[in-house]
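Enquirer: Just so we're aligned: the sequence shown equals residues 1 to 317 in UniProt numbering.
Pasting a structure here, questions to come.
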Amino acid sequence: KKKHSTVTITEIEETEEDKWYEEKRGYASVRPDAHLFWWMYNKPDGGRHRPLLLWLQGGPGVSGGYGDIEEIGPLTMDGSARNKTWLRQADLIFIDNPVGAGFSYVTDQSAYTKNLTGIVNDLVSWAKIFFSEHPKFRSRPFYIAGQSYGGKVSAAFAKELHRQMQEGSLQINLKGILLVGAWISPMDFLFSYGTYLNAHSRISKAQSKKLTEAAMLCNSKANSWADKAQCFGESQMMTMDFEKDVNFYNVNEVSTYEEDVTTFAKMKKDENFPDETLFALFNADVYRVNYYARFFLKMNFARKQKHGIIPENITWN
C-alpha cells in the first residue's frame, strides 16, 4: 500500500473581506493505514502569547467542518465573514476525527478505531507530528475544545498529553480544555429530562415520572451498549410523544421532527436512507435534511477543491 506522507499547504484566504489570516491544512499518517485530515486558521502577526485552540467535534464521527462553518470558524455556509469567529481571539485547528470522519480515511478497514483509547492514541500521534512540523506553536498556550462526544474525547486526550508532557516525551504548552455542551454522561442527561422539562412547564409531573422510569430501564441494560442506545432513542421518542415540539439542544426552540418525517417520506422513494425513526431523530437533534444535503455538496466540491490535497477517491462524510 502506498504510504501517505504528511503534507502541509499554506495560503492566504481569498475572500471579499480583508485578508487578515492564513490557512494551513495537511494529513497526518498517525498509523500505517490511518490518515487524519486537519486544517488551521492562524493570524500571521499573532505573537507568541496568542492562544492555539483545537476544536474536536462530537458524534463520534462528525466532521470538524461543522464546528468550522456552523459555529466558530471565520466563514459561514455562504462564504460571508463571521463577525464573532473565535479566530479573533485564538488561532484555530480542526481535525476530522476519528479516522473515517470528514476527509480523514483509512486504507485498510481494520484501521478504524473501536474505542476511546484508540481515538486518543491517534490524536496524540497527530499532536506529535503537528508540533514537530510547526515548532513555533510549541510554546503557544494550547487549549482543546470538545463539543458533545468531543467533550469526552478532549478530556481523555488532554489527560494523555499531560502524562506524556510529564514524562518528557512531548514539549507543548497545554493550558486547559473547554467542554462545549459535552456529552460525557448520557445516563445523567437522560435522568434529567423529565424533571427539567417539567420545571419548564413542557410536560406534566405524571409524564416526568414516566420519563424517569424509562431512564431507570435504560440504566438497567448493564453494559449492552446496543440495547442502551436503542433504549435511549425510545426515551427520546417518548419525550416527543409528550411534547412534539421539544428541541433537545435548546428548550426555547422548536423541533423540526414532524417536518423531517414528511421530508423523509418524500425523499425515501429515490434515495437509500436508513430507518425512518433513526433518520428523523438524527435530523430533529442535529441538522435538517435539506441543509445537510447543501453541506455535503459544499464539502465535496468547493472545500475539497480548495484544500487541494484530498485523495480523489475520498468523499467527505
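Every residue gets a Cβ at the ideal spot worked out from N, C-alpha and C, and that includes glycine.
Quick check: PRO44 and GLU22, are their CB atoms within less than 7 Å of each other?
Expert: In this structure, GLU22 lies closer than 7 Å to PRO44 by Cβ.
Enquirer: In whole angstroms, what separates the C-alpha of ALA28 from that of SER125?
Expert: If I take the Cα positions, the gap works out to 8 Å.
Enquirer: Could you give the residue range of the alpha helix (DSSP H) that holds GLN230?
Expert: GLN230 -> alpha helix (DSSP H) spans 225 to 242.
Enquirer: So does the region 58 to 69 actually touch the region 132 to 139, counting three or more Cβ pairs closer than 8 Å?
Expert: Contact fails: fewer than three Cβ-Cβ distances are below 8 Å.
Enquirer: On the premise that VAL251 lies in contact with HIS200, defined as a C-beta separation below 8 Å, what is that separation, rounded to the nearest angstrom?
Expert: With 8 Å as the limit, HIS200 and VAL251 qualify as a contact, their Cβ atoms being about 6 Å apart.
Enquirer: TRP86 to ILE95, Cα distance in whole Å?
Expert: About 16 Å.
Enquirer: Measuring only between beta-carbons, confirm whether LYS152 sits less than 7 Å from chain B.
Expert: The structure shown contains no chain B; it holds only a single protein chain.
Enquirer: Name the DSSP beta bridge partners of VAL180, please?
Expert: VAL180 pairs with GLN147.
Enquirer: For ASP68 and PRO186, I'd like the C-alpha separation in whole angstroms.
Expert: Approximately 25 Å between the Cα atoms of the pair.
Enquirer: Count the other CB atoms within 10 Å of the CB of MET77; is the residue buried (16 or more) or exposed (fewer)?
Expert: By the 10 Å Cβ count, MET77 comes out exposed.
Enquirer: Going by beta carbon distance, what residues of the same chain come within less than 7 Å of LYS304, once the five residues before and after it are set aside?
Expert: For LYS304, where only same-chain residues beyond five positions count, the Cβ hits under 7 Å are ILE310, TRP316.
Enquirer: Does the Cβ of MET299 have 16 or more other Cβ atoms within 10 Å, making it buried, or fewer, making it exposed?
Expert: Buried: at least 16 other Cβ atoms inside 10 Å.
Enquirer: Any idea if TYR292 is buried or exposed, counting beta-carbon neighbours within 10 angstroms, 16 or more meaning buried?
Expert: So TYR292 counts as exposed.
Enquirer: In whole angstroms, what is the alpha-carbon distance linking PHE137 and PHE232?
Expert: PHE137 and PHE232: Cα-Cα distance of roughly 42 Å.
Enquirer: With respect to the beta strand (DSSP E) encompassing VAL30, which residues constitute its N-terminal and C-terminal limits?
Expert: From DSSP, the beta strand (DSSP E) with VAL30 extends over 22 to 31.
Enquirer: I need the straight-line Cα distance from SER235 to LYS205, nearest angstrom please.
Expert: Distance between the alpha carbons of SER235 and LYS205 is about 16 Å.
Enquirer: Kindly identify the DSSP beta-bridge partner or partners of PHE142.
Expert: DSSP, once it has assigned bridges, lists LEU52, LEU174 as partnering PHE142.
Enquirer: In or out: PHE301 buried (at least 16 other Cβ within 10 Å) or exposed?
Expert: Exposed is the call here.
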